[in-house]
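**Q**
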Amino acid sequence: MHFRDVAPAEQEKLFVQKLRQCCVLFDFLSDPLSDLKWKEVKRAALSEMVEYITHNRNVITEPIYPEVVHMFAVNMFRTLPPSSNPTGAEFDPEEDEPTLEAAWPHLQLVYEFFLRFLESPDFQPNIAKKYIDQKFVMQLLELFDSEDPRERDFLKTTLHRIYGKFLGLRAYIRKQINNIFYRFIYETEHHNGIAELLEILGSIINGFALPLKEEHKIFLLKVLLPLHKVKSLSVYHPQLAYCVVQFLEKDSTLTEPVVMALLKYWPKTHSPKEVMFLNELEEILDVIEPSEFVKVQEPLFRQLAKCVSSPHFQVAERALYYWNNEYIMSLISDNAAKILPIMFPALYRNSKTHWNKTIHGLIYNALKLFMEMNQKLFDDCTQQFRAEKNKEKAKSKEREEAWIKIENLAKSNPQVSALLIHLHLHFIVQQRGVARRSWNVFGDDAAFLSERGLNRPSAHFVYVAAAAKTPICS
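This note's numbering applies: residue 4 is where the sequence shown begins, and numbers increase by one.
1. Please classify K276 as buried or exposed, where buried requires at least 16 neighbouring CB atoms within 10 angstroms.
2. Can you name the start and end residues of the alpha helix (DSSP H) that P344 belongs to?
3. Using C-beta distances below 7 Å, list every residue in its chain close to E202, excluding the 5 sequence neighbours before and after it, in chain order.
4. What are the complete beta strand (DSSP E) segments, minimum 3 residues, inside the stretch 174-255?
5. Can you give the Cα-Cα distance for K21 and V226, rounded to whole angstroms?
6. What residue from R402, L343, R186 and I335 has the CA that sits closest to D383's CA?
7. Touching or not, the stretch 139-146 and the stretch 61-70, by the rule of three or more beta carbon pairs under 8 Å?
8. Could you pull the start and end residues of the alpha helix (DSSP H) that R321 belongs to?
9. Is the beta carbon of L350 sitting closer than 7 Å to the one on A369?
10. If you count every other CB in all the chains shown that lies within 10 Å of the CB of D151, and 16 or more means buried, which is it?
11. Using the three-state DSSP reduction, which class does A106 fall into: helix, strand or coil?
12. Please report the Cβ distance between V261 and Q317, rounded to the nearest whole angstrom; I am assuming they are in contact, meaning their Cβ atoms lie under 8 Å.
13. CA-CA distance, F169 and Q179?
14. Do you know how far the Cα of L284 is from the Cα of I291?
15. Take F381 and list the residues in its own chain whose beta-carbon comes closer than 6 Å to its own, dropping the five residues that flank it on each side.
16. So is A198 buried or exposed if we call it buried at 16+ other beta carbons inside 10 Å?
17. Smallest Cα separation from E252: which of Y134, I56 and A212?
18. Using DSSP with H/G/I as helix, E/B as strand and the rest coil, what is S274?
19. Check whether the stretch 350-367 and the stretch 393-409 are in contact - that is, three or more C-beta pairs closer than 8 Å.
20. When the distance is taken between beta carbons, is R321 closer than 7 Å to L265?
21. Under a Cβ-count criterion, where at least 16 other Cβ atoms within 10 Å of its own Cβ denotes burial, should Q378 be classed as buried or exposed?
22. Rounded to the nearest angstrom, what separates L112 and L172 at their Cα positions?
23. Might you give, ordered along the chain, the residues of its own chain that have their beta carbon closer than 7 Å to the beta carbon of F116, omitting 5 neighbours on each side?
24. Could you have a look at R23 and say whether DSSP puts it in helix, strand or coil?
25. With distances taken from CA atoms, which of P270, F304 and V140 is nearest M79?
26. Check whether the Cβ atoms of I331 and L288 sit closer than 7 Å, and answer yes or no.
27. Is V290 close to chain B, meaning its C-beta is less than 7 Å from at least one C-beta of that chain?
28. Keeping to the same chain, check which residues put their C-beta closer than 8 Å to that of G91; ignore five residues upstream and five downstream.
29. If the criterion is Cβ atoms closer than 7 Å, does the pair E15 and T64 meet it?
30. Let me know the secondary structure DSSP gives R60 once reduced to three states.
31. CA-CA distance, V9 and V77?
32. Tell me whether P260 sits in a helix, a strand or coil according to DSSP, three-state version.
33. Just how far apart, CA to CA, sit Q127 and H109?
34. Spatial neighbours of M74 within its chain, please: C-beta separation below 7 Å, excluding the five flanking residues on both sides.
35. Measuring alpha carbon to alpha carbon, tell me which of H240, N209 and E154 ends up nearest G167.
36. For A244, tell me which candidate among Y324, K220 and L204 has the shortest Cα-Cα distance.
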């Protein structure tokens, strides 16, 4: 029966009946073709209720609240299906196809109905808070681990609406999201909904009042920044970077701990992740205060010098693109006396040695900008670099000559031959387990040990042993 077929006084009763009718669950997974008629009846009822609360006023009365929340809970709060490849490698959101929810034709309509319910002008949070409580929120958050991106998108919007309308649940929601992140960082390193949760947090952070509470600063330092450590960073990095930048726009004094944490977590062997860090760092530099830039410029540009020297051309290229950013160049110009001596050796060396021609062009551009910025400082850095290179060459030559002298002295000393035999036999004892009594051998006996698989002395050792004929005793 349709709502338009009953009198207005009977519509509330029909609404409750339809809500209860939609609490019946159907099997979409093991037997998709079963109960097709009743599945269609439920789908039609859900669609009708969506239209009903969207286009009618004063239809969300007090008796409707528990019925709506119960219907949503029955349909949504369920055990999520196992990973798409439970016997193989763990689900990789970057590579693997997600497992789509088989019952989505019904679930989508339930989500749409519940969102229209929350967004209705008739919705009263004071009545709803008796039913939408901490337990409800906890069960809702558990669904964020669904592999189905369509469901996570609806969950994101639903949780955001609940956060906006229920002031008493805000602290609890933030705390439970923190707990999900803690488990993800330090225990599982696997969760499908991190990007969506961060997207919600981006909106929440944007609404934080100033000055920031200590609780919010701790969240940045203890939760958001350690998220950079996780190997699946690429799945949620844009949302994470947005949250971090939002914090810095709210409170510039957080810049130093944020930049130092990024440098601490900087990837050593994962070049694509390094490019992500460089992207985020540029976003931070776009909003940094000059007074905060001075605090981090030296460690920051030491890391950039390493990036410019990277054999991975995308890392070097991304770092050199900083010199195309006008605001960053103004910061560099104001602090050139500190920055140029750090950057010059890496730029000059790689202008000649880097394998990629594109990098050569970008380096020449950076050097040209430095030269135009402060010609005298540039010349001083050039001279200092050449002096350091000459000093390195002199030291290298000195070391080489010292080793030649040592080698010549060793050749002229008869005791060295005996020492070589002693050390070689000691190696036999250590590696092959020869008893101490067999230490008392002559050089000729080394061949005897060798024949028995105890050791195969080098040609140099045989030569020295034959020449020495010196007994070595323990």
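Even glycine gets a Cβ: it sits at the ideal position worked out from N, Cα and C. Since this is a predicted model, take the numbers as computed values, not measurements.
**A** Inspection of the coordinates gives the following:
1. Taking a 10 Å sphere around the C-beta of K276, we find 16 or more other C-beta atoms and assign the residue as buried.
2. Where P344 is concerned, the enclosing alpha helix (DSSP H) stretches over A339 to T356.
3. For E202, where only same-chain residues beyond five positions count, the Cβ hits under 7 Å are K159 and Q242.
4. For the stretch 174-255, not a single whole beta strand (DSSP E) run of length 3 or above is found.
5. Going from the Cα of K21 to the Cα of V226 covers about 44 Å.
6. Comparing C-alpha distances from D383 to each of R402, L343, R186 and I335 shows the shortest one belongs to L343.
7. The stretch 139-146, when compared against the stretch 61-70, does not touch it at the 8 Å Cβ threshold.
8. DSSP places R321 inside the alpha helix (DSSP H), whose first and last residues are F316 to L323.
9. Going by beta carbons, L350 and A369 fall inside the 7 Å limit.
10. With 16 or more other Cβ atoms inside 10 Å of its own Cβ, D151 counts as buried.
11. Assigned with DSSP and collapsed to three states, A106 falls in coil, not helix or strand.
12. For a cut-off of 8 Å, the C-beta gap from V261 to Q317 is around 24 Å, too long to register as a contact.
13. Each residue's alpha carbon lies about 15 Å from the other.
14. Cα-Cα distance, rounded: 10 Å.
15. F373 and M374, listed in sequence order.
16. Residue burial is scored here from C-beta neighbours: A198 has at least 16 other C-beta atoms within 10 angstroms and is therefore classed as buried.
17. Selected option, being the one with the closest Cα: A212.
18. In this structure, S274 counts as helix in the three-state DSSP scheme.
19. Below 8 Å, too few C-beta pairs join the stretch 350-367 and the stretch 393-409 to call them touching: fewer than three.
20. Remark: C-beta atoms of L265 and R321 do not approach each other more closely than 7 Å.
21. Burial is judged here by how many other beta carbons sit within 10 angstroms of a residue's own beta carbon; Q378 has fewer than 16 and is exposed.
22. Those two C-alpha atoms are separated by around 25 Å.
23. Within its own chain, the residues whose Cβ lies closer than 7 Å to the Cβ of F116, once the five positions on either side in sequence are excluded, are L49, M52 and V53, listed in chain order.
24. Here R23 sits in helix by DSSP.
25. It is V140.
26. Against a cut-off of 7 Å, the Cβ pair of L288 and I331 comes out as a contact.
27. No chain B is present in this structure, which holds just one protein chain.
28. Bear in mind that a pLDDT of 39 at G91, under 50, signals an unreliable position, so the number given afterwards is only what the model happens to contain. Take G91, set aside five residues on each side of it, and no residue of its chain has a beta-carbon closer than 8 Å to its own.
29. Yes. Within cutoff.
30. Here R60 sits in coil by DSSP.
31. Their backbone Cα atoms lie some 27 Å apart in a straight line.
32. Residue state, collapsed to three classes: helix.
33. In a straight line, the C-alpha of Q127 is about 26 Å away from that of H109.
34. Listed in chain order, the non-local C-beta contacts of M74 below 7 Å within the same chain comprise L22, C25 and C26, local neighbours out to five positions each way being set aside.
35. Of the listed residues, the one whose Cα sits closest to G167 is N209.
36. Here the closest residue by C-alpha is L204.
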